[in-house]
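**Q** In my numbering, the protein residues as written are 102 to 484.
Here's a structure for you.
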């Protein structure tokens, strides 16, 4: 069969830097060939990536790699979806040709299914998920977190320099000392230019060197870590993953595809579920700030950290992955202002000036001593 030479211009995000690369895309029978100008092309086979945007008129088409966190292709021509379906009808991507039938189809579908959807997703599923999340054993959450952390913080990208361990151990100890939480927090420093921080079920957390280059103090880092700890404590990630798993299981059951059940527990696919609502973000802000105050840490650090993130959002929206998973607004920052004068005693610095200077120098220099998972800084709390 003659090979279709029609190509699409696209932007490729490599998951390591915020700068997109201009590439060309060719649709093959087994996947997409990404053609670079400065290195050999590579092929994304169907099943190794998923469509995350481009379902509605006017949207850019976005594909994200399942097994490589942050890698994405953005194409401004929706016709690529039609060619993909022609080349591989079972690829499962959105069919833009169906858009012309949306009005009559939507009318019919609303009459027959709106009540079922409202009942299932608006009432039954949230209650079921909240109930499961509340009683889920911490050991199960930890197992779930482990299955996802490999994609967010690959072992080969984790930094275990002594100065990083020293600072994060101290932050961890200060924040958790006044509490009796059933979690062992594992904080990974990940060598990545993107600005991001993540909390996973069971106490796993990751923060990028791109993020750490932007902050000015250990107190600012502590503000972000306290916020992420609250996502763990309030089980926001666990609820999000359970909701995604439930939806995938339902789709697999309806479609009758056995391979769909394997996808339900795919760690790479579950990464996309970790997007928190504004209510969850606000709750993590307030309770995280309370952790800061209980630890006698300067509360201005959390506000300053969020102000830095908000400023970055204006400068480089494509590069700030944090904003896609943690909706950040000026109102959230303003809601923390009343707490700035709540500390009744002078705040106690987290680390000495000399320790912070060594930490900041290491981050600026790009230091990253590779280490395995077991060497991550942890704080053990009794259950």
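Even glycine gets a Cβ: it sits at the ideal position worked out from N, Cα and C.
The structure presented is a predicted model; accordingly, all values stated were derived computationally and were not measured.
How big is the Cα-Cα spacing for residue 410 and residue 180?
**A** Stepping through the chain shown from its first residue, residue 410 is reached at position 309. Stepping through the chain shown from its first residue, residue 180 is reached at position 79. Computed Cα separation, rounded: 36 Å.
**Q** Could you give the residue range of the alpha helix (DSSP H) that holds residue 391?
**A** Reading the chain shown from its first residue, position 290 is the one you call residue 391. Counting along the chain, the alpha helix (DSSP H) containing residue 391 begins and ends at 379 to 395.
**Q** Over what stretch of residues does the alpha helix (DSSP H) that includes residue 458 continue unbroken?
**A** Counted from its first residue, the chain shown places residue 458 at position 357. Residues 454 to 466.
**Q** In chain order, what residues of the same chain lie with their CB nearer than 8 Å to the CB of residue 115, ignoring the 5 residues before and after it?
**A** Your numbering for residue 115 matches position 14 in the chain shown. Once the five neighbours on either side are set aside, the close Cβ partners of residue 115 are 122, 171 and 172.
**Q** Distance, Cα to Cα, residue 189 vs residue 255?
**A** Counting from 1 along the chain shown, the entry for residue 189 is found at position 88. Counting from 1 along the chain shown, the entry for residue 255 is found at position 154. Taking the straight line joining both Cα atoms gives about 31 Å.
**Q** Where are the beta strand (DSSP E) runs, 3 residues long or more, that stay fully inside the segment 286 to 329, in chain order?
**A** The qualifying runs are 286 to 291, 298 to 300 and 305 to 309.
**Q** Exposed or buried, residue 146, counting other C-beta atoms within 10 Å across all chains shown (16 or more means buried)?
**A** As a working note, residue 146 is residue 45 in the chain shown. The residue is exposed, with fewer than 16 neighbouring Cβ atoms inside 10 Å.
**Q** Give me the Cα-Cα distance between residue 475 and residue 183, rounded to the nearest whole angstrom.
**A** Numbered from its first residue, the chain shown carries residue 475 at position 374. Numbered from its first residue, the chain shown carries residue 183 at position 82. Legend: pLDDT at residue 475 = 44, less than 50; position of this residue unreliable, value from coordinates given subsequently. Cα-Cα distance, rounded: 47 Å.
**Q** Would you mind sorting residue 137 into buried or exposed? The rule is 16 or more other CB atoms within 10 Å of its CB.
**A** Translated into positions along the chain shown, residue 137 becomes position 36. So residue 137 ends up on the exposed side.
**Q** Assuming residue 136 is part of the beta strand (DSSP E), what are its boundary residues?
**A** Reading the chain shown from its first residue, position 35 is the one you call residue 136. Run containing residue 136: 132 to 136, per the beta strand (DSSP E) assignment.
**Q** Please list, in chain order, all residues of the same chain as residue 416 whose beta carbon is under 7 Å from its beta carbon, the five residues on each side excluded.
**A** For the purposes of this step, residue 416 is taken as the residue at position 315 of the chain shown. Residue placement at residue 416 is flagged as unreliable, the pLDDT there being 46, under the threshold of 50; the coordinate-derived value follows with that caveat. Same-chain partners within the cutoff: there are none.
**Q** By DSSP, does residue 332 sit in helix, in strand, or in coil?
**A** Indexing the chain shown from 1 puts residue 332 at position 231. Three-state result, residue 332: helix.
**Q** Please identify the residue among 464, 139 and 134 whose C-alpha is closest to the C-alpha of residue 312.
**A** Stepping through the chain shown from its first residue, residue 312 is reached at position 211. It is 464.
**Q** Do residue 153 and residue 163 have their beta-carbon atoms positioned less than 8 Å apart in this structure?
**A** Working through the chain shown from its first residue, we reach residue 163 at position 62. Working through the chain shown from its first residue, we reach residue 153 at position 52. Yes, they are a contact pair.
**Q** Take residue 234 as the anchor and find which of 347, 459 and 277 has the nearest alpha-carbon.
**A** In the chain shown, the residue the question calls residue 234 occupies position 133. Here the closest residue by C-alpha is 347.
**Q** Exposed or buried, what is residue 360 when buried is set at 16 or more other beta-carbons lying within 10 Å of its beta-carbon?
**A** Within the chain shown, numbered from 1, the residue matching residue 360 stands at position 259. Unreliable positioning characterises residue 360 in this predicted model, as indicated by a pLDDT of 46, which lies under 50. The coordinate reading is nonetheless provided below. Exposed, by the Cβ-count rule.
**Q** Go through its chain and collect everything with a Cβ distance to residue 241's Cβ below 6 Å, but skip five positions before and after it.
**A** Within the chain shown, residue 241 is the residue found at index 140, counting from 1. Answer for residue 241: no residue qualifies.
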